[in-house]
Amino acid sequence: MQFEQIKGFAFDLDGVIADTARFHGQAWHQVADKVGTPWTRGLADGLKGVSRMDSLEMILKAGGHENDYSQDEKVKLATEKNDNYLKLVATLTPSDILPGMKAFLDELKAAGYSLVLASASKNAPKVLKYLQLADYFEGIVDPASLSHSKPDPEIYVRAAELLQLPADQVAGVEDAQAGIQAINGAGELSVGIGANLHDADVRFDSTADVSLTNIKKQLG
323 MQFEQIKGFA FDLDGVIADT ARFHGQAWHQ VADKVGTPWT RGLADGLKGV
373 SRMDSLEMIL KAGGHENDYS QDEKVKLATE KNDNYLKLVA TLTPSDILPG
423 MKAFLDELKA AGYSLVLASA SKNAPKVLKY LQLADYFEGI VDPASLSHSK
473 PDPEIYVRAA ELLQLPADQV AGVEDAQAGI QAINGAGELS VGIGANLHDA
523 DVRFDSTADV SLTNIKKQLG
């Protein structure tokens, strides 16, 4: 994809715009402790970008507890996790925006790009409100309307529809492998932030490095 083709950007939220991933981690850790699943770095990393119920299933399976809970009990565990997460999210302020991302969002808006949010989090509107970034985005993909979680490309296909752009004019920004797979599967340009995202079309070590100039440089 040529840099000049890009007309819109679809953003993940956790770990890209703000480090709300740490809040998810804390809240899921509490659930893992409750159900008796050992909390590991690998498990924590595997939950990134995954929907709430799918994340719960991964935690239960990791501890061999996938058959120990009824659907109603699973919903209760997921709701408890979300309640704990929302208490943590309510402490967010604009100072929690990750380094460089406010400047990048300002740069995109000034250059006339359209922006949407493509997060698996049902709480994304609340997070944007606390960060005072809601006005930057023309739309938010509703994860409740999706049939499949990342790495399925559905969320990024829907993001392009919200942008009213063909896939080859959209760039997606992610910090997790599941998200990069979803962007690539949707036929969009993948911008990865973090190590080991080898499938990303463009990759940065830190949010502080992300800019239109640096994206253009990597595309050649």
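If you're matching positions, the sequence shown starts at 323 in my numbering and goes up one per residue. Glycine included, C-beta positions come from ideal geometry on N, C-alpha and C.
Q. Looking at C-beta atoms only, is the number of pairs between the segment 422 to 430 and the segment 390 to 399 that lie closer than 8 Å three or more?
A. no
Q) Run through DSSP, which three-state label would Ser528 get? A) In the sequence shown, counting from the first residue as 1, residue 528 sits at position 206. Of the three classes helix, strand and coil, the one that applies to Ser528 here is coil, per DSSP.
**Q.** Rounded C-alpha distance that separates Leu369 from Lys444
**A.** For this step, residue 369 is matched to residue 47 along the sequence shown. For this step, residue 444 is matched to residue 122 along the sequence shown. Each residue's Cα considered, the two are about 15 Å apart.
Q: Tell me whether the beta-carbon of Ala332 lies closer than 8 Å to the beta-carbon of Gly494.
A: Within the sequence shown, numbered from 1, the residue matching residue 332 stands at position 10. Within the sequence shown, numbered from 1, the residue matching residue 494 stands at position 172. A contact, by the Cβ cut-off of 8 Å.
Q) Across which residues does DSSP place Gly461 in a beta bridge pair? A) Position 139 of the sequence shown holds residue 461. Paired residues: Val438.
(Q) By the three-class DSSP mapping on this structure, what secondary structure does Leu450 have? (A) In the sequence shown, counting from the first residue as 1, residue 450 sits at position 128. It is helical.
Q.
I'd like the span of the alpha helix (DSSP H) that includes Phe325, first residue to last.
A. As a working note, residue 325 is residue 3 in the sequence shown. Segment: none, Phe325 is in no alpha helix (DSSP H) and carries neither H nor E.
Q: Identify every run of the alpha helix (DSSP H) within the segment 373 to 404, keeping only runs that are complete inside it and at least 4 residues long; order them along the chain.
A: 374 to 384
Q: Could you check what DSSP says for Val353 in three-state terms: helix, strand or coil?
A: The residue you call residue 353 lines up with position 31 of the sequence shown. In the structure shown, Val353 sits in a helix (DSSP, three-state: H, G or I).
Q) Are Met375 and Ala354 close, meaning C-beta to C-beta below 8 Å? A) As a position in the sequence shown, residue 375 is number 53, starting the count at 1. As a position in the sequence shown, residue 354 is number 32, starting the count at 1. No; because the gap between Cβ atoms is not below 8 Å, this pair is not in contact.
Q) With which residues is Val492 paired in a DSSP beta bridge? A) The residue you call residue 492 lines up with position 170 of the sequence shown. Val492 is bridged to Gly330.
Q: Tell me whether Leu534 sits in a helix, a strand or coil according to DSSP, three-state version.
A: Position 212 of the sequence shown holds residue 534. Looking at Leu534 - three-state DSSP - the assignment turns out to be helix.
Q) Measuring CB to CB, does Pro473 end up less than 8 Å from Ala442? A) Position 151 of the sequence shown, counted from the first residue, corresponds to residue 473. Position 120 of the sequence shown, counted from the first residue, corresponds to residue 442. Contact: no.
Q. Just the Cα atoms here: how many angstroms apart are Phe345 and Ala366?
A. Mapped onto the sequence shown, residue 345 falls at position 23. Mapped onto the sequence shown, residue 366 falls at position 44. Phe345 and Ala366: Cα-Cα distance of roughly 11 Å.
**Q.** DSSP state of Ile419 mapped onto helix, strand, coil
**A.** Residue numbering aside, residue 419 sits at position 97 when the sequence shown is read from its first letter. Residue state, collapsed to three classes: strand.
**Q.** Alpha-carbon spacing of Leu382 relative to Glu496, whole angstroms
**A.** The count along the sequence shown starts at 1 and reaches residue 382 at position 60. The count along the sequence shown starts at 1 and reaches residue 496 at position 174. Cα-Cα distance, rounded: 26 Å.
Q. Alpha carbon to alpha carbon, how far is Leu453 from Ala530?
A. Indexing the sequence shown from 1 puts residue 453 at position 131. Indexing the sequence shown from 1 puts residue 530 at position 208. Each residue's alpha carbon lies about 17 Å from the other.
Q: Could you tell me the boundaries of the beta strand (DSSP E) in which Leu511 lies?
A: Here residue 511 refers to the residue found at position 189 of the sequence shown. Per DSSP, Leu511 belongs to the beta strand (DSSP E) from 511 to 515.
**Q.** For Tyr435 and Lys329, the rounded distance between their alpha carbons
**A.** Along the sequence shown, one-based indexing puts residue 329 at 7. Along the sequence shown, one-based indexing puts residue 435 at 113. Computed Cα separation, rounded: 6 Å.
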